[in-house]
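Let me begin by presenting the structure, written as C-alpha cells, before commenting on it.
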Amino acid sequence: MPRIIKSGLIQMSLPMTEGEGTIAEIMAAMEAKHIPLIEEAGRQGVQILCLQEIFNTPYFCPGQDKAWYASAESVPGPTTDRMAEYAKKYNMVMIVPVYEREQAGFLYNTAAVIDADGTYLGKYRKNHIPHTTGFWEKFFFKPGNLGYPVFQTKYAKVGVYICYDRHFPDGARILGLNGAEIVYNPSATVAGLSQYLWKLEQPAHAAANGYFMGCINRVGEEKPWNLGRFYGTSYFVDPRGQIIAQADEYKDELLIAEFDLDMIEEVRNTWQFFRDRRPETYEKLVEL
Numbered sequence: 001m002p003r004i005i006k007s008g009l010i011q012m013s014l015p016m017t018e019g020e021g022t023i024a025e026i027m028a029a030m031e032a033k034h035i036p037l038i039e040e041a042g043r044q045g046v047q048i049l050c051l052q053e054i055f056n057t058p059y060f061c062p063g064q065d066k067a068w069y070a071s072a073e074s075v076p077g078p079t080t081d082r083m084a085e086y087a088k089k090y091n092m093v094m095i096v097p098v099y100e101r102e103q104a105g106f107l108y109n110t111a112a113v114i115d116a117d118g119t120y121l122g123k124y125r126k127n128h129i130p131h132t133t134g135f136w137e138k139f140f141f142k143p144g145n146l147g148y149p150v151f152q153t154k155y156a157k158v159g160v161y162i163c164y165d166r167h168f169p170d171g172a173r174i175l176g177l178n179g180a181e182i183v184y185n186p187s188a189t190v191a192g193l194s195q196y197l198w199k200l201e202q203p204a205h206a207a208a209n210g211y212f213m214g215c216i217n218r219v220g221e222e223k224p225w226n227l228g229r230f231y232g233t234s235y236f237v238d239p240r241g242q243i244i245a246q247a248d249e250y251k252d253e254l255l256i257a258e259f260d261l262d263m264i265e266e267v268r269n270t271w272q273f274f275r276d277r278r279p280e281t282y283e284k285l286v287e288l
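According to the UniProt record's numbering, the residues represented by the sequence shown are 1 to 288, in order.
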C-alpha cells in the first residue's frame, strides 16, 4: 500500500521591521502573519509542515546588534508551545525554526520538531555557522552540538538541515544513514549570492541519499539591513533529484505537495549508494 504524504512549506516576508516596533512586537507580527497559512495547511490536510529559518524574526544577521539576543527563547518554550496547539488541532507534524537560548551566552539557530498530537519530539541545532559579508552568524549562534538527529513522527522519519548546512554533503549523508525519509532545510538566502546553488545542492543531496527534501526560503527585502532580496522559490525534491513542486519567487506562499515514501526503496534498490560506500577509505574527511 503506498505511503502517501502531504507536506507543506511556508515562505514569508517580514510585516514589520526594526524601527517600526519593539523586538517583541516584530516577533508577534511575524508569528501572527504565519497563522492564517498554518491554519490553511491544517484545513487542506497537510501532515507535515515546515516553517522558514528563525521564522518569527527578521534575518538580523547582516548586522551585529546584540539587542537581538533578546529574541532568543527556550526550546521547548513559549513559541513551540503555541505551535504545538496547531499541530494537535490539525493532527499535523510541525518543524518550527526559532532562535534558541539555552542559557546566557549559549544561543543556537534551532528547529523544534513537534508530532501530530502536539508532543515535542526534540530539536536540531544548526551545525555549520557562516561568518562572511552580510551573514555574521557567529555573532549570534553557537555551532550545534546535537549531531544529526532523525525524528520518528506519526507520518515519517524526519531530519532537519538549516540553510548554510546545505553546502556540506557530510551531514546530509549522516541524516540518510540515520534513517531520514524526508529532510527539511529552512533557509534565508538572497539573490545574487548562492542562488545558482539553490537548485543544485539539495537535489544532489536527495539523489545521493535517496530521500525527499523540503527546501524553504523567505521572500522580500528586510530593512534596515538591506542584505538583498530573499527569493523564495521554496520547493520539494524527490529521491531522484527531481523538483516536484515549487513556490513563487516573490510572494508569501504555502506550498503543498503529495508524494509516496515507497519511492525511497524503489530508488535505493536501483542506486545502491549506501551499500557501495567505503567509509574505511574516508579518513581524510575527519582530519582536523
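For every residue, glycine included, the Cβ atom is placed at its ideal position computed from N, Cα and C. Predicted, not measured: the structure shown is a model, and the values here were computed from it.
Distance, Cα to Cα, G241 vs G19? Cα to Cα, the separation comes out at about 42 Å.
Reduced DSSP category for N56 - H, G, I as helix; E, B as strand; rest coil: Assigned with DSSP and collapsed to three states, N56 falls in coil, not helix or strand.
Is G210 closer than 8 Å to V160 when the C-beta atoms are compared? Judged by beta-carbon spacing, G210 lies beyond the 8 Å limit of V160, meaning their Cβ atoms are not closer than that value.
Inter-residue Cα distance where the pair is E40 and L288: One C-alpha to the other measures close to 47 Å.
On the CB-based measure, 16 or more other CB atoms within 10 Å of its CB, does Y282 come out buried or exposed? Exposed is the call here.
Segment limits, beta strand (DSSP E) that includes residue 297: Past the edges of the chain, shown from 1 to 288, lies residue 297, and the structure says nothing about it.
Cβ neighbour criterion (16 or more within 10 Å) applied to Q202: It counts as buried.
If you draw a straight line from the C-alpha of V113 to the C-alpha of R125, how long is it? Using only the alpha carbons, I get a separation of about 11 Å.
Using the Cβ count rule (16 or more neighbours within 10 Å means buried), how would you classify M213? Buried, by the Cβ-count rule.
T110 in three-state terms, based on DSSP: Annotated three-state conformation of T110 is strand, per DSSP.
Compute the beta-carbon to beta-carbon distance between T153 and A116, rounded to the nearest angstrom, for a pair I have assumed lies under 8 Å. Right, the Cβ-Cβ distance comes to about 7 Å (below 8 Å), so this counts as a contact.
Which residues DSSP lists as bridging P76, in chain order: Per DSSP, none; premise fails for P76.
Would you tell me roughly how many angstroms separate the C-alpha atoms of N91 and Q47, rounded to the nearest one? Rounded to whole angstroms, N91 and Q47 show a C-alpha spacing of 7 Å.
What separation, rounded to the nearest whole angstrom, lies between the Cα atoms of G134 and K223? One C-alpha to the other measures close to 13 Å.
Beta-carbon spacing of W198, P62 below 8 Å: Not a contact, by the Cβ cut-off of 8 Å.
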